[in-house]
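Residues -22 to -1, 1 to 325, numbered by mature numbering (1 follows the signal peptide of the UniProt record, and there is no 0), are exactly what the sequence shown covers, in order.
Here the structure is laid out as structure tokens; the discussion comes afterwards.
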Amino acid sequence: MAGTVFTRSCIVLCLLIHMAMCQECSQPCDCPAESPLCPVGTSLVLDGCSCCKVCARQAGEPCSFLEPCDHHKDLYCDYGVLSDTETGICMAQEGQTCDLGGVIYRSGETFQPSCKHQCVCMNGEIGCVPTCANNIRLPSPDCPYPRRVQIPGKCCEEWVCDQIPQEDTFQSAMAAYREITDQGVQSESARDNCIVQTTEWSECSATCGMGVSSRVTNDNEQCQLERQTRMCMIRPCHAELEKDIKRGKKCVRTPKSQRGMRFELSGCHSIRLYKPKFCGVCTDGRCCTPHATVTAEVEFRCPEGDTFRKRMMFIKTCSCHHDCPRENDIFLASNSRRMIGDYDNDM
């Protein structure tokens, strides 16, 4: 009897919400000329009528049909928490928690481990965006030896100009211009006088699932040092790769996806299907990481209809070794194993 009453109550609640939706969407779209500016880490999504773009509500915040929860973080609007049938609370889908330095975060929870990073836990994976600018200043005649210093009372470092080089400064090692004489030389572009220098790609920030790596280069028309990022996936999470280890072997090094798959990034999916290679696993304590890779652009489409392109790492070969990165901690995964044969490619 109690189950029947509960079922009827749920049906009535759903009907009331559906009626409210129909009334809300009966009017034509009347959106602001410019989309709202959302805080760092907050997604810009379509409202329930798929009409106007709004800042998604976060975990624990009130939500409604026109103020949806951040589905990129697997949040949903739970209308059963409040007595008001048109208002709910953003709740996270059940998922694995994240452990960062001994602190446990729930799936869907946003947090700041430091003032320089805004992070979110998504089903056991930690993703972060920097809150400080990552731009690198190019040495110039008026500022030959720039360096970043910590200002008391401020979180982000700021640039200062030194006239005398400091020991082991990164900027002096990355000086980007040749010294040329002015006699009989016509003005040339920055690209013509550029000594191209590029660092190695950093380790992928996640040992499974989607992560990110970065590098610094001045390979551009302005010869300006810039930080480039690319998405990376060393292996899918929860993949049973051990079954691919051949009899008598201890590792499967570079398994390839047998079926076409779409990459997922914050609720958006790649338009094309891919059959990527992944790094495998070992049964003797070793781990497998990328050895040779290629970088290509992947186009994603979001549920809101927007599309964007992201550079992504595609694995060619992997190597198995004992120099393993730490699990589930992008701040501690600081391995710097050198990769070979990495280049950009249009796929």
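For each residue, glycine too, the CB sits at the ideal point set by N, CA and C.
All values reported here derive from a predicted model rather than from experimental measurement.
Contact belief for residue i with residue j at Cβ below 8 Å, rounded distance in angstroms
i, j, result
"Lys255", "Thr232", "5 Å"
"Arg208", "Met291", "5 Å"
"Ser191", "Cys182", "5 Å"
"Ile223", "Cys257", "Between Cys257 and Ile223 the Cβ distance is about 13 Å, and since that is not below 8 Å, they are no contact."
"Glu277", "Ile249", "5 Å"
"His50", "Ser21", "5 Å"
Member of the options whose CA lies at the smallest distance from the CA of residue i
i, options, result
"Val127", "Glu135, Asp120, Cys121", "Glu135"
"Cys298", "Lys253, Pro10, Trp137, Lys228", "Lys228"
"Thr177", "Asn196, Thr109, Tyr123, Cys210", "Asn196"
"Cys296", "Glu218, Phe241, Met211", "Met211"
"Gly66", "Glu277, Gly189, Pro46", "Pro46"
"Val98", "Ile142, Cys265, Cys302, Ala37", "Ala37"
"Arg240", "Gly187, Val194, Glu199", "Gly187"
"Gly102", "Lys94, Pro122, Val81, Thr109", "Val81"
"Glu64", "Ala217, Leu44, Cys93", "Leu44"
"Tyr123", "Ala217, Trp137, Ile129, Thr88", "Trp137"
Distance CB(residue i)-CB(residue j) smaller than 8 Å
i, j, result
"Tyr83", "Gln71", "no"
"Asp52", "Gly86", "yes"
"Val23", "Lys31", "yes"
"Cys41", "Arg35", "yes"
"Glu220", "Thr261", "yes"
"Cys33", "Cys16", "yes"
"Lys253", "Gly263", "no"
"Cys215", "Cys246", "no"
"Gln90", "Val107", "no"
Burial state of residue i (16 or more Cβ within 10 Å)
i, result
"Ala11", "exposed"
"residue 326", "Residue 326 cannot be examined here, being either before or after the span of the chain that is shown, -22 to 325."
"Asn171", "exposed"
"Leu243", "buried"
"Thr285", "exposed"
"Ile104", "buried"
"Cys266", "buried"
"Cys133", "exposed"
"Trp179", "buried"
"Val230", "buried"
Original post:
Do three or more CB pairs link the stretch 69 to 88 to the stretch 3 to 10 at distances below 8 Å?
Top reply: no
**OP:** Flag this pair as touching only if the stretch 189 to 204 and the stretch 224 to 238 have three or more C-beta atom pairs under 8 Å; answer yes or no.
**Re:** no
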